[in-house]
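**Student:** For reference, the structure I am asking about is given below.
Residue numbers (full-length UniProt numbering): 1 to 309.
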């Protein structure tokens, strides 16, 4: 990749070479799967409603890709039908059996997996909060948020699928940043299909995420058969939370969707240290019932407390 993209984490010496080639092997972002460790594997995958490049609806194939990724937390885009009953496109019983992943309860409709096609899956920790967020749009768009307790450490994950119009993406990114600035500070991931291929420069909508999120590392993820555009990203706050980033590239992944999944490793222990050392936290805006700012999504807040995996 061109030198305009940020270098990858110091923790993963070999990843940079593969990112420049537009490829990243599984070993680039492998972390042990264990309840007690501080390394967490995260991923984002636009599953294209489980319709592959061959035009075939094949949810079993999509689940096989999710199993290959082997993430502890994964954000899905286009997980539901877009119209009608918004029915989810995967068999959740099969998904849990083959991957150990459970669905975070975010759906607004009984047959859906998520909100505007955005879904979150997890297999470690406890879900402390699950929430749907409204985004400005000229087409149906939204985002979802979940807060986890993983081994006594908290992690917030926001998943989004942004619009096709540049102006709309700018508004959506600004809304996401504003919403998170109003929250209690904690290690936070923002991931999904941003439909944006330019890096975070002045002419890119990604600039609207600053200063909360700096430019994320980028690898081509679209189109899956011959990836050229880095549409899918994983941002982290504080800076340094994302310890490694790459694309999941396999023969079945190239067939199962028009996007390749992206994945990263985060180190919650190191993130705690980074968090503690920050001298300036993102501003927290107070919600004023007397006319101050009430962020969209507040009315749709869901709080779910139950025993996680």
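Glycine included, each C-beta is placed from N, C-alpha and C at the ideal position.
Confirm, please, whether the CB-CB distance from residue 116 to residue 161 is below 9 Å.
**Tutor:** Against the chain shown, residue 161 aligns to sequence position 161. Against the chain shown, residue 116 aligns to sequence position 116. Taking 9 Å as the cut-off, the Cβ atoms of residue 161 and residue 116 count as close.
**Student:** Determine, using beta-carbon pairs with one atom in the region 256–272 and one in the region 151–167, whether at least three such pairs fall under 8 Å.
**Tutor:** yes
**Student:** Helix, strand or coil for residue 47? Go by DSSP, reduced to three states.
**Tutor:** Sequence index remark: in the chain shown, residue 47 carries index 47 (1-based). Here residue 47 sits in coil by DSSP.
**Student:** Please state the DSSP three-state secondary structure of residue 253.
**Tutor:** Your numbering for residue 253 matches position 253 in the chain shown. It is helical.
**Student:** Classify residue 196: buried if its beta carbon has 16 or more other beta carbons within 10 angstroms, exposed otherwise.
**Tutor:** For the purposes of this step, residue 196 is taken as the residue at position 196 of the chain shown. Residue 196 is buried by the Cβ-count criterion.
**Student:** Determine, using beta carbons only, whether residue 148 and residue 74 come nearer to each other than 9 Å.
**Tutor:** The residue you call residue 148 lines up with position 148 of the chain shown. The residue you call residue 74 lines up with position 74 of the chain shown. Cβ distance not < 9 Å, so residue 148 and residue 74 don't count as in contact.
**Student:** In chain order, which continuous runs of the beta strand (DSSP E) of length 3 or greater are located wholly inside the region 197–241?
**Tutor:** 232–237
**Student:** Residue 127: which of 137, 140, 145 and 139 sits nearest, CA to CA?
**Tutor:** Counted from its first residue, the chain shown places residue 127 at position 127. Minimum Cα distance to residue 127 is reached at 145.
**Student:** For residue 51 and residue 227, what's the separation of their Cα atoms in angstroms?
**Tutor:** Counting from 1 along the chain shown, the entry for residue 51 is found at position 51. Counting from 1 along the chain shown, the entry for residue 227 is found at position 227. Separation of residue 51 and residue 227 (C-alpha to C-alpha, rounded to the nearest whole angstrom) is 18 Å.
**Student:** Enumerate in chain order the residues of its own chain whose CB-to-CB distance from residue 229 is below 7 Å, with the five nearest sequence positions on each side excluded.
**Tutor:** For the purposes of this step, residue 229 is taken as the residue at position 229 of the chain shown. 197, 220 and 222.
**Student:** In the DSSP assignment, find the beta strand (DSSP E) that holds residue 127 and state where it starts and stops.
**Tutor:** In the chain shown, the residue the question calls residue 127 occupies position 127. It spans 126–134 - the beta strand (DSSP E) in which residue 127 sits, taken as one unbroken run.
**Student:** Please list the segments of the alpha helix (DSSP H) lying wholly inside the region 152–190, counting only runs of 4 or more residues, in order along the chain.
**Tutor:** 166–181
**Student:** Verify whether the separation of the beta carbon atoms of residue 266 and residue 104 is less than 9 Å.
**Tutor:** As a working mapping, residue 266 is identified with position 266 in the chain shown. As a working mapping, residue 104 is identified with position 104 in the chain shown. Taking 9 Å as the Cβ cut-off, residue 266 and residue 104 do not qualify as a contacting pair.
**Student:** Within its chain, find whatever has a CB closer than 7 Å to the CB of residue 163; leave out the 5 residues flanking it on each side and keep chain order.
**Tutor:** On the chain shown, position 163 is the one that residue 163 refers to. Counting only Cβ-Cβ distances below 7 Å, and skipping sequence neighbours, we find 137, 138, 139, 141, 169, 172 and 195.
**Student:** Just grab the DSSP bridge partners of residue 87 for me.
**Tutor:** As a position in the chain shown, residue 87 is number 87, starting the count at 1. Residue 87 pairs with nothing; no bridge assigned.
**Student:** How close, in whole Å, do the beta carbons of residue 260 and residue 210 come, if the pair is a contact with beta carbons under 8 Å?
**Tutor:** Counting from one through the chain shown, the residue named residue 260 turns up at place 260. Counting from one through the chain shown, the residue named residue 210 turns up at place 210. About 26 Å; that fails the 8 Å criterion.
**Student:** How would you write the range of the alpha helix (DSSP H) that residue 95 sits in, first residue to last?
**Tutor:** What you label residue 95 is simply residue 95 of the chain shown in a count that begins at 1. Counting along the chain, the alpha helix (DSSP H) containing residue 95 begins and ends at 92–99.
**Student:** Residues in its own chain within less than 6 Å of residue 61 by CB, not counting five upstream and five downstream?
**Tutor:** Here residue 61 refers to the residue found at position 61 of the chain shown. For residue 61, where only same-chain residues beyond five positions count, the Cβ hits under 6 Å are 256.
**Student:** List the residues that DSSP assigns as beta-bridge partners of residue 108.
**Tutor:** On the chain shown, residue 108 is found 108 positions in, with the first residue counted as 1. Note: residue 108 sits in no beta bridge, so no partner.
**Student:** Using only CA atoms, which one of 70, 243 and 263 lies nearest to residue 38?
**Tutor:** Position 38 of the chain shown, counting from 1, holds the residue named residue 38. It is 243.
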